[in-house]
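**Student:** This is the structure, below, for whatever I ask next.
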DNA sequence: CACAGAATAGACAGATCTGTCTACTTATGT
DNA sequence: ACATAAGTAGACAGATCTGTCTATTCTGTG
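Chains as they are written, first to last, in the UniProt record's numbering: chain A, 1 to 194; chain B, 1 to 194.
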């Protein structure tokens, strides 16, 4: 069934679509461009996805997998606890400065961008974006738990980190302030220091 | 020249376009919808704006004015210094919960959304968004200066507040976490407390 | 081999979108 | 009163976009 040597057209379409949606915007990219770029026939696209919106949703889920796998692996490369939490911001810094080829040239948060274009909170796309954010929060929370703080303190640190992370991504993208991750890191360092 | 009693068509177009762009996305809204909603003729639109992109840019600048004026007035309503900085997050909380009719039903940060749709950092639209963020940072910095801290400490507090503000807006929108502003406020309160 | 599923190329329908244009109708200031 | 500017309604051209469809080819498995 699932062949091996040639890349799965399903996966190829998602990857190509993601790259285009991420760099140029979703509504600004037509399916014909995705097809031309991937070299896949239109019939094949509509064989795998019932509509463009379903393809968009698939790209969101694809990005969720890639991005979260990348984060998880980065946080595992350093000692658990405080180091791992600070490493999050090293990872963001690398991303902002395009030192992470797997994650594509920095263009803001794809989930924020997609939510902006699919504003209806009930839409499958917006919900998939919300799920991603919840998963990342859970990931951070897991690492915060290793610090063995009180429940309340752990909640606060988690929220601080998540808010700073989101803020850094927004500012790095809109303002072009590529140091945002390092600035956020300094704040977390100061808070965890005591 | 500039008439008074009837609303300026120029302004009417911008206001109508903003509301539609903000709630539905920019590329998802055609000029015909803006015209139908505002009751203005197409010729009139293209008399005032050479293209849709110019109209978009005008809505960004319009939003910058409204949003910043609103923020400025909110921060002036409380004693200068620490209170004003905390009031920023009360204002955000009101915005998230749609208690600020002037600012329109909460739909994330228009500048982040517009930047996502016009990704080219050199485009006039993206640059206008960056300018807005710089102005807001300057506004916060002005209030932080009243705390008479060291230059370094003032920079740090300003960055903390700006990062938390951006993060709160993102999370409130994408995740639907409407408490984000209050959570951010608690962090700032803790930091300013000592 | 034969057959079924997957893929191709691209024409096509129908909708929509930007921007232009014509012909006509107010306003306004001198 | 008259010229000038601003506005209206809507047809139109030309591009583009989503999704369908036909006719054909490739590929893996029984």
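All C-beta atoms, glycine included, are put in the ideal place defined by N, C-alpha and C.
1. The alpha helix (DSSP H) that contains residue 124 (chain B), what's its start and end?
2. Measure from the alpha carbon of residue 28 (chain B) to the alpha carbon of each residue in B:146, B:50, B:117 and B:104, then state which is nearest.
3. Can you tell me whether residue 153 (chain A) is buried or exposed, with buried defined as 16 or more other CB within 10 angstroms of its CB?
4. Counting only beta-carbon separations shorter than 7 Å, does residue 179 (chain B) have a partner in chain A?
5. Should residue 77 (chain B) be flagged as near chain A, meaning a C-beta pair shorter than 7 Å?
6. Please compile the residues from chain B whose C-beta is within a distance smaller than 7 Å of the C-beta of residue 24 (chain A).
7. According to DSSP, is residue 80 (chain B) helix, strand or coil?
8. Enumerated in chain order, which unbroken segments of the alpha helix (DSSP H) with a length of 4 residues or greater are wholly contained in the stretch 84 to 127 of chain B?
9. For residue 136 (chain B), would you say it is in contact with chain A, using Cβ-to-Cβ distances shorter than 7 Å as the test?
10. Under 7 Å, Cβ to Cβ, is there at least one residue of chain B near residue 151 (chain A)?
11. Under the assumption that residue 174 (chain B) contacts residue 112 (chain A) (Cβ atoms under 8 Å), give the Cβ distance between them as a whole number of angstroms.
12. Keeping to the same chain, check which residues put their C-beta closer than 7 Å to that of residue 26 (chain A); ignore five residues upstream and five downstream.
13. Taking only the alpha-carbon atoms, compute the straight-line gap between residue 74 (chain B) and residue 96 (chain B) and give it to the nearest angstrom.
14. Counting only the same chain and skipping the five closest in sequence on each side, list residues whose C-beta sits under 6 Å from that of residue 110 (chain B).
15. In whole angstroms, give me the CA-to-CA distance for residue 178 (chain A) and residue 170 (chain A).
16. Compile a chain-ordered list of the residues in the stretch 88 to 113 of chain B whose CB is closer than 7 Å to at least one CB of chain A.
17. Where does residue 168 (chain B) sit, in a helix, a strand or coil, going by DSSP?
18. What does a CB cutoff of less than 8 Å around residue 182 (chain B) pick up in its chain, not counting 5 residues either side in sequence?
19. Output the distance between the C-alpha atoms of residue 143 (chain B) and residue 186 (chain A), rounded to the nearest integer angstrom.
20. At the 7 Å Cβ level, is residue 128 (chain B) part of the contact set with chain A, yes or no?
21. Which same chain residues end up closer than 6 Å to residue 15 (chain B) when comparing Cβ atoms and leaving out the 5 residues on each side of it in sequence?
22. Could you check the C-alpha separation between residue 165 (chain A) and residue 42 (chain B) for me, to the nearest Å?
23. For residue 62 (chain A), which residues in chain B fall below 9 Å Cβ to Cβ?
24. Can you confirm whether residue 53 (chain B), when its beta carbon is compared against all beta carbons of chain A, has any partner nearer than 7 Å?
25. If we ignore side chains and look at the alpha-carbon of each, how far apart do residue 33 (chain B) and residue 107 (chain B) end up?
26. Report buried or exposed for residue 150 (chain A), applying the criterion of at least 16 other Cβ atoms within 10 angstroms of its Cβ.
27. Is DSSP giving residue 39 (chain A) helix, strand or coil here?
28. Take residue 70 (chain A) and list the residues in its own chain whose beta-carbon comes closer than 8 Å to its own, dropping the five residues that flank it on each side.
29. According to a CB-to-CB cut-off of less than 8 Å, which residues of the stretch 152 to 168 of chain B neighbour chain A?
30. Whole angstroms are fine: how far does the CA of residue 13 (chain B) sit from the CA of residue 156 (chain A)?
31. Three-state secondary structure (DSSP) at residue 29 (chain B)?
32. Pick helix, strand or coil for residue 176 (chain A), following the three-state DSSP scheme.
33. Beta-carbon within less than 8 Å of residue 46 (chain B)'s beta-carbon, same chain only, minus the 5 sequence neighbours each way: which residues are those?
34. For residue 77 (chain B), count neighbouring Cβ atoms within 10 angstroms of its own Cβ and tell me buried if that reaches 16, exposed if not.
**Tutor:** Let's see:
1. 124 to 145
2. B:117
3. exposed
4. no
5. no
6. 119
7. coil
8. 110 to 117
9. no
10. no
11. 6 Å
12. 56, 114 and 117
13. 15 Å
14. 22 and 63
15. 10 Å
16. 107, 108, 111, 112 and 113
17. helix
18. 89 and 93
19. 22 Å
20. no
21. none
22. 43 Å
23. Those within 9 Å of residue 62 (chain A) in chain B number zero; the least Cβ separation is about 17 Å.
24. no
25. 19 Å
26. exposed
27. coil
28. 91, 100, 102 and 103
29. 156, 159, 160, 162, 163, 164, 165, 166, 167 and 168
30. 44 Å
31. coil
32. coil
33. none
34. exposed
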